[in-house]
DNA sequence: CCGGTTGGTTCCATTATTTGAAACTTAGTC
DNA sequence: GACTAAGTTTCAAATAATGGAACCAACCGG
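Residue numbers (this note's numbering), protein chains in the order written: chain A, -7 to 269; chain B, -7 to 269.
This is the structure we're talking about:
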């Protein structure tokens, strides 16, 4: 097992590169190459990808050819670089519309945003990472990390912890392995033990807090969206800043957020089969 | 050559299903399956995909397994359905940020939207279709994947025609083959000849109009974003309604739009290599 | 309780594709 | 004009994909 050396400014994609693909045949490897390009986060040269040492020259070359021909990558002949292709944007549009909670939750997010005047996040779990699928900005917006399509860590965000608390044992175990427990701020829970204790508290309370654990000055109150079986299928949060409000004030809104989470969950269960139109 | 029978409510993805993938080996076929799921636009059963008659049972089954395992599809065990997976959303976010004009154009779109008070579209060409990569609504801000990522026809939209007019001969020929020339409104140019004449006029004028050719009451003025070589790499449009304004009034803003298009083009050329950070 | 049907899953010998070391071709560089 | 780095092509061996057929499990009507 040769350990892969990650580039310095690797973008956290929640997917170790050159590792996941193996075992799923050619398709898995090709998608892995796609992740490598995504992970570097910019247009890349053939040699840069080659230097990652995941695939031999000829193999990597053929994958890039295929992916480019398929529109999953685009090739810039002037600079000899590859970037992610537009076909992905098209596919993601469909993915967003059909696989996520976003379309169902849309009107509820609007409602919640109007009521609270704060930033609202809707997230789903993706291999131990938090994937933000929709967002409403506060009336007075503050630049923050999250955006639709972005991923973030689970162990130090409100939505992440809310979902972790309601995962199956196996899913939780797998997710925990993927947490970096990097100490983003002095408040970050940086050990599995501390996190487990917090998750237990969340299960009792029914909602999670972010006490400036990811970004200084940013606090939130998050609620899981639960399936009938009691498993987290997503999470909803109301986010603000310490300058503007307090955790207690945010918690006061938790009841309302739970109501809305319940309604989204309900619609999700029933809406799986849209009419044949 | 067996002709594929398209389902009744097939969603235009700009990619004929079960046709493009062949010829690019296993990877192409797998991505083709992905397009099939995207094309149906909802969670689908194994048998529905099988009924499309593109792949034999066992083969299709294995593709679905692989794609699901890879997170490109998600499987709902309760209903036995497959939907596009969240990994696509994650990849697309990166794609949007790195391969499209959107991040560069962002501040300019804001500027243009503020100045004109009208709807602004930023589009790129994708296999003969128009792919909208960003948008500023007259009133409400864009939810990324809800709007960006949409595709539309090229022959009857302002941005589409603006780009077609500045495509290389081969690219234009390939794009023309993919136009349906469906008559959306009485004003739609519904023959290749009419379109060619219009494209010539656009080249003279330097900008394109949409004279209610796609949707009744909707008009726009579009400008191509040109590479140094004079090829269209995207297009920018100011859209409004006949109820609110006239084509002449929109044309009056064309000069300003061209300035901005030129600035976006300039930044694109120089910005291909972000610093190594 | 049974024979039939539909929908999904697994087997496995055949076939076709992928693989990757090495050879080759540019395009710089000194 | 030799030297180097970056990208491209070749080809026999290794491997993975293929898909017909068999299998399994609900469900259904009698």
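Ideal Cβ placement from N, Cα and C applies to all residues, glycine included.
Keep in mind it's a predicted model, so treat the numbers as computed, not measured.
query: Look up residue 39 (chain B) in the DSSP assignment and say whether it is helix, strand or coil.; result: helix
query: Considering only C-alpha positions, which residue in the set B:47, B:129, B:97 and B:248 is nearest to residue 116 (chain B)?; result: B:97
query: Based on DSSP bridge pairs, tell me the residues matched to residue 231 (chain B).; result: B:111 and B:212
query: Taking DSSP as the reference, what is the three-state secondary structure of residue 185 (chain B)?; result: helix
query: Taking only beta carbons into account, state which residues of the stretch 86 to 97 of chain A come closer than 9 Å to chain B, listed in chain order.; result: 86, 87, 88, 89, 90, 91, 92, 94 and 95
query: Helix, strand or coil, according to DSSP, for residue 193 (chain A) in the structure here?; result: helix
query: For residue 201 (chain A), does the three-state DSSP call read helix, strand or coil?; result: strand
query: Taking 9 Å as the cut-off, decide whether the C-beta atoms of residue 26 (chain B) and residue 65 (chain B) are in contact.; result: yes
query: Just by C-beta distance, which residues in the stretch 163 to 184 of chain A are closer than 8 Å to chain B?; result: none
query: Excluding the 5 residues preceding and the 5 following residue 34 (chain A) in the sequence, name in chain order all residues of the same chain whose CB lies nearer than 7 Å to its CB.; result: none
query: Short of 7 Å in beta carbon distance, which residues of its chain neighbour residue 190 (chain B), apart from the five on each side in sequence? Order them along the chain.; result: 153 and 181
query: Does any residue of chain B bring its CB to less than 9 Å from the CB of residue 256 (chain A)?; result: no
query: When the Cα atoms are used, what is the spatial distance from residue 69 (chain A) to residue 141 (chain A)?; result: 28 Å
query: Answer yes or no: do residue 336 (chain B) and residue 18 (chain A) have a C-beta to C-beta separation smaller than 9 Å?; result: The displayed coordinates of chain B run from -7 to 269. Any statement about residue 336 (chain B) would go beyond what the structure contains.
query: Would you kindly work out how many angstroms separate the C-alpha atoms of residue 238 (chain A) and residue 127 (chain B), rounded to a whole number?; result: 35 Å
query: Would residue -5 (chain B) count as contacting chain A if we go by Cβ distances under 9 Å?; result: Note that residue -5 (chain B) scores a pLDDT of 35, beneath 50, so its modelled location is shaky; the value from the coordinates is reported in the next line. Output row for residue -5 (chain B): interface = no.
query: Would you list, in chain order, the members of the stretch 14 to 36 of chain B that have their beta-carbon closer than 7 Å to a beta-carbon of chain A?; result: 16, 17, 18, 19, 20, 22, 23, 26, 30, 33, 34 and 35
query: Between the C-alpha atoms of residue 125 (chain A) and residue 113 (chain A), what's the straight-line distance to the nearest angstrom?; result: 8 Å
query: Mind the definition here: the stretch 226 to 246 of chain A touches the stretch 205 to 216 of chain A only if three or more C-beta pairs lie below 8 Å; say whether that holds.; result: yes
query: Tell me the rounded alpha-carbon separation between residue 13 (chain A) and residue 62 (chain A).; result: Bear in mind that a pLDDT of 49 at residue 13 (chain A), under 50, signals an unreliable position, so the number given afterwards is only what the model happens to contain. In a straight line, the C-alpha of residue 13 (chain A) is about 19 Å away from that of residue 62 (chain A).
query: Beta-carbon of residue 330 (chain A) versus every beta-carbon of chain B: anything under 9 Å?; result: Absent from the model: residue 330 (chain A). The displayed extent of chain A is -7 to 269, so no value can be given.
query: Between which residues of its own chain and residue 219 (chain B) is the CB-CB distance below 6 Å, once the five residues before and five after are set aside?; result: 225
query: Going straight from the alpha carbon of residue 256 (chain A) to that of residue 217 (chain A), what length do you get?; result: 7 Å
query: From what residue to what residue does the alpha helix (DSSP H) around residue 126 (chain B) run?; result: Segment 121 to 128 is the beta strand (DSSP E) holding residue 126 (chain B); no alpha helix (DSSP H) there.
query: What distance in whole Å lies between the Cβ atoms of residue 204 (chain B) and residue 183 (chain B), which are believed to be in contact at a cut-off of 8 Å?; result: Incorrect: roughly 18 Å between the Cβ atoms, too far for contact.
query: Measure the alpha-carbon distance for residue 79 (chain A) versus residue 24 (chain B) and round it to whole angstroms.; result: 12 Å
query: Ignoring anything shorter than 3 residues, give me the beta strand (DSSP E) runs that lie fully in the stretch 53 to 94 of chain A, in order along the chain.; result: 65 to 68 and 73 to 76
query: Would you say residue 50 (chain A) faces chain B, with C-beta separation under 9 Å as the test?; result: no
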